[in-house]
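Quick notes on the structure that follows.
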Amino acid sequence: VDLGPPGPGEVRVAMEACGICHSDVLAIHGGIPEQPPLILGHETVGRIEATGPGVDLVVGQRVLLAWRNPCGTCRPCRRQGPAFCLRPVHADTAPVDADEAVLARAFGIGGMASHALVHVGQCVPVGDDLDPVPTSIVGCGVMTGYGSVVRTAAVETGDHVAVFGCGGVGTAAVVAASRAGAATVVAIDPDPDQRALAGRLGADLCLDPDDDVATTIRRATDGEGLDVAIEAAGHHDVLALAFRCLGVGGTVVQVGSPRPVDHLPIALPQLFLKRATITASIYGDTEPRVGVPELLDLYRSGELPLDEFVGGTIGLSEVPAWFAAPTSGRRTVVVPD
Ligand SMILES: [Zn+2]
Ligand SMILES: [Zn+2]
């Protein structure tokens with residue numbers, strides 16, 4: 568693959584670490600906007616190796632790559648804010664393969680490779696003091712889960728919160744809910760290790776989906792039900808369960824990337840009686856240049872123990888074998904061979 572020389576406002580980055588996100592698995596089945604053939608990877612940390620004209624970052628700078636580089640001019644940018652940008656700015660220079668065919672880059676990054684070529688606005692500077700492996704997962708999963716709680720749902724002191732699905736996204740949501748002062752934090756996941764991790768990081772109650780989740784949550788909240796339910800599994804059955812657990816005025820936030828077949832399985836009388844809100848959160852409704860430094864400060868202070876989110880690393884050459892049998896739960900992070 569030839570990335571080409573960086574054009575105006577573009578940089579070439581040598582990858583140091585790239586987390587494998589749930590969306591990378593969906594991407595193989597056409598579940599993201601960019602279609603194959605494409606270069607996967609969007610949780611990437613690396614060092615700038617070459618810069619095009621008009622770039623204010625220097626060669627050697629460590630950066631985290633983000634897909635959301637707000638254009639600042641589209642209607643959502645102007646009205647809802649940069650986190651809602653419809654036309655994020657990515658590099659114009661496109662990668663080509665040996666036959667000169669243009670390849671797509673997942674989320675405008677394509678970071679699961681030795682190098683990526685991106686727009687400089689996609690680069691968030693990262694300190695040399697940080698380990699690139701745990702830092703990389705802030706680039707999507709952690710920012711997505713954390714932001715869904717503090718920005719999208721705006722969880723407040725005293726809220727009853729449950730997180731359905733505790734992989735990287737959901738575990739970050741548990742930490743966020745706990746730090747926001749939620750009265751009750753419930754974590755639901757089939758993996759006992761993930762439940763144990765959620766318990767260590769602030770969940771008051773950790774449930775297996777096969778438990779009677781709705782009844783247990785109702786009891787744990789004195790019959791009030793949830794103020795906020797975070798759906799971090801990307802499955803309509805999970806959304807239905809999350810909705811059932813809501814109390815009056817509650818909000819369910821769809822955070823996990825849904826599959827193309829997923830639909831909204833909600834009984835309208837329940838929506839009506841609860842006056843519930845059903846919403847979604849992408850990338851934690853966060854602008855990376857604001858959110859990433861905040862999260863990395865929490866990592867440095869020990870409040871967001873990212874090392875515990877990572878299950879292990881694999882070399883780039885091991886990526887095809889990993890995708891033949893993807894795992895969930897703790898993040899696998901790709902590193903150069
Ligand atoms: Zn925009
Ligand atoms: Zn992702």
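Counting from 568, one number per residue, gives the positions in the sequence shown under the numbering used here.
Where a beta carbon is used, it is the ideal one built from N, C-alpha and C, also for glycine.
So the alpha helix (DSSP H) residue 857 belongs to, where does it begin and stop?
Numbered from 1 along the sequence shown, position 290 holds the residue referred to as residue 857. Segment 855-868, the alpha helix (DSSP H) holding residue 857.
What do you get for residue 611, buried or exposed, if any count of 16 or more other CB atoms within 10 angstroms of its CB means buried?
As a first step, residue 611 must be located in the sequence shown, where it is residue number 44. By the 10 Å Cβ count, residue 611 comes out buried.
Going by C-alpha distance, which of 800, 607, 636 is nearest residue 853?
To locate residue 853, count along the sequence shown from 1; it is residue 286. Of all alpha-carbon atoms in 800, 607, 636, the one lying nearest the alpha-carbon of residue 853 is that of 636.
Considering only heavy atoms of ligand 1, does any lie closer than 7 Å to the CB of residue 654?
In the sequence shown, counting from the first residue as 1, residue 654 sits at position 87. Checking every heavy atom of ligand 1 against the Cβ of residue 654, one is found closer than 7 Å.
With DSSP run on the structure shown, which of helix, strand or coil describes residue 840?
Start at 1 with the first residue of the sequence shown, and residue 840 comes out as number 273. It is helical.
Near ligand 2: residue 708 beta-carbon under 7 Å from a heavy atom
In the sequence shown, counting from the first residue as 1, residue 708 sits at position 141. Yes.
Quick check on this structure: which residue in 849, 861, 796 has the alpha carbon closest to the alpha carbon of residue 707?
On the sequence shown, residue 707 is found 140 positions in, with the first residue counted as 1. Looking from the CA of residue 707, the closest CA among 849, 861, 796 belongs to 849.
Alpha carbon to alpha carbon, what distance is there between residue 725 and residue 895?
Position 328 of the sequence shown, counted from the first residue, corresponds to residue 895. Position 158 of the sequence shown, counted from the first residue, corresponds to residue 725. Distance between the alpha carbons of residue 895 and residue 725 is about 31 Å.
Is the stretch 790-797 close to the stretch 728-736, with three or more CB pairs under 8 Å?
The stretch 790-797, when compared against the stretch 728-736, does touch it at the 8 Å Cβ threshold.
Report whether the distance from the Cβ of residue 590 to the nearest heavy atom of ligand 2 is below 7 Å.
For this step, residue 590 is matched to residue 23 along the sequence shown. Yes, the Cβ of residue 590 comes within 7 Å of a heavy atom of ligand 2.
Of all the options 890, 645, 873, 653, which has the alpha carbon lying nearest to the alpha carbon of residue 736?
For the purposes of this step, residue 736 is identified with residue 169 of the sequence shown, where counting begins at 1. Cα-wise, what sits closest to residue 736 is 873.
Might you give, ordered along the chain, the residues of its own chain that have their beta carbon closer than 7 Å to the beta carbon of residue 886, omitting 5 neighbours on each side?
Taking the sequence shown and counting its residues from 1, one reaches residue 886 at position 319. 679, 901.
Would you report the Cα separation of residue 598 and residue 583, rounded to the nearest angstrom?
The sequence position of residue 598 within the sequence shown is 31, counting from 1. The sequence position of residue 583 within the sequence shown is 16, counting from 1. Linking residue 598 to residue 583 through their CA atoms gives a straight-line distance of about 26 Å.
For residue 746 and residue 721, I'd like the C-alpha separation in whole angstroms.
On the sequence shown, position 179 is the one that residue 746 refers to. On the sequence shown, position 154 is the one that residue 721 refers to. Each residue's alpha carbon lies about 12 Å from the other.
Minimum length 3: unbroken beta strand (DSSP E) runs contained in the stretch 638-715
Runs of the beta strand (DSSP E) inside the stretch 638-715: 682-686, 690-692.
To the nearest angstrom, how far is the alpha carbon of residue 604 from that of residue 845?
Your numbering for residue 604 matches position 37 in the sequence shown. Your numbering for residue 845 matches position 278 in the sequence shown. Just so you know, the alpha carbons of residue 604 and residue 845 end up roughly 34 Å apart.
Helix or strand or just coil, what does DSSP make of residue 766?
For the purposes of this step, residue 766 is identified with residue 199 of the sequence shown, where counting begins at 1. Of the three classes helix, strand and coil, the one that applies to residue 766 here is helix, per DSSP.
Within the same chain, show all residues whose beta-carbon is closer than 7 Å to that of residue 718, passing over the 5 residues directly before and after it, in chain order.
Stepping through the sequence shown from its first residue, residue 718 is reached at position 151. Contacts found: 851, 852, 853.
Using only the heavy atoms of ligand 2, determine whether one of them is closer than 7 Å to the beta carbon of residue 596.
Here residue 596 refers to the residue found at position 29 when the sequence shown is read from its first residue. Outside the cutoff, so no.
Around the C-beta of residue 581, are 16 or more other C-beta atoms found within 10 angstroms, so that it is buried, or is it exposed?
Residue mapping note: residue 581 aligns to position 14 of the sequence shown, counting from 1. Classification of residue 581: exposed, given that the 10 Å Cβ count is below 16.
Looking at the unbroken beta strand (DSSP E) that takes in residue 816, where does it start and where does it end?
Along the sequence shown, one-based indexing puts residue 816 at 249. Taken as a continuous stretch (DSSP letters only), the beta strand (DSSP E) holding residue 816 covers 813-821.
May I ask which residues mark the beginning and end of the alpha helix (DSSP H) holding residue 784?
Taking the sequence shown and counting its residues from 1, the one referred to as residue 784 is at position 217. Looking at the DSSP string, the run of the alpha helix (DSSP H) that includes residue 784 is 780-787.
Distance cut-off 7 Å: residue 802 Cβ against heavy atoms of ligand 2:
Mapped onto the sequence shown, residue 802 falls at position 235. Because no heavy atom of ligand 2 lies under 7 Å away, the Cβ of residue 802 does not count as near it: no.
In the DSSP output, what is residue 879 paired with across the bridge?
By one-based count along the sequence shown, residue 879 stands at place 312. According to DSSP, which records beta bridges pairwise, residue 879 is partnered with 899.
Flag this pair as touching only if the stretch 751-764 and the stretch 828-843 have three or more C-beta atom pairs under 8 Å; answer yes or no.
No, the stretch 751-764 does not touch the stretch 828-843.
Does the Cβ of residue 703 have 16 or more other Cβ atoms within 10 Å, making it buried, or fewer, making it exposed?
Position 136 of the sequence shown, counting from 1, holds the residue named residue 703. Classification of residue 703: buried, given that the 10 Å Cβ count is 16 or more.
Per-residue DSSP class, three states only, for residue 577
Walking along the sequence shown from the start, residue 577 turns up at place 10. Residue 577 sits in a strand when the DSSP states are folded into three classes.
Can you have a look at residue 828 and say buried or exposed, based on whether 16 or more other CB atoms are within 10 angstroms of its CB?
Taking the sequence shown and counting its residues from 1, the one referred to as residue 828 is at position 261. By the 10 Å Cβ count, residue 828 comes out exposed.
Are the beta-carbon atoms of residue 793 and residue 812 separated by less than 8 Å?
As a first step, residue 793 must be located in the sequence shown, where it is residue number 226. As a first step, residue 812 must be located in the sequence shown, where it is residue number 245. Taking C-beta atoms as the reference points, residue 793 and residue 812 count as a pair closer than 8 Å.
Do residue 842 and residue 816 have their C-beta atoms closer together than 8 Å?
Here the question's residue 842 lines up with position 275 in the sequence shown. Here the question's residue 816 lines up with position 249 in the sequence shown. A contact, by the Cβ cut-off of 8 Å.
Is it true that the CB of residue 769 sits closer than 8 Å to the CB of residue 742?
As a working mapping, residue 742 is identified with position 175 in the sequence shown. As a working mapping, residue 769 is identified with position 202 in the sequence shown. Cβ atoms of residue 742 and residue 769: closer than 8 Å.
Provide the residue(s) that pair with residue 599 in DSSP beta bridges, ordered along the chain.
Within the sequence shown, residue 599 is the residue found at index 32, counting from 1. Note: residue 599 sits in no beta bridge, so no partner.
The alpha helix (DSSP H) that contains residue 742, what's its start and end?
Taking the sequence shown and counting its residues from 1, one reaches residue 742 at position 175. Residue range 735-746 is occupied by the alpha helix (DSSP H) that includes residue 742.
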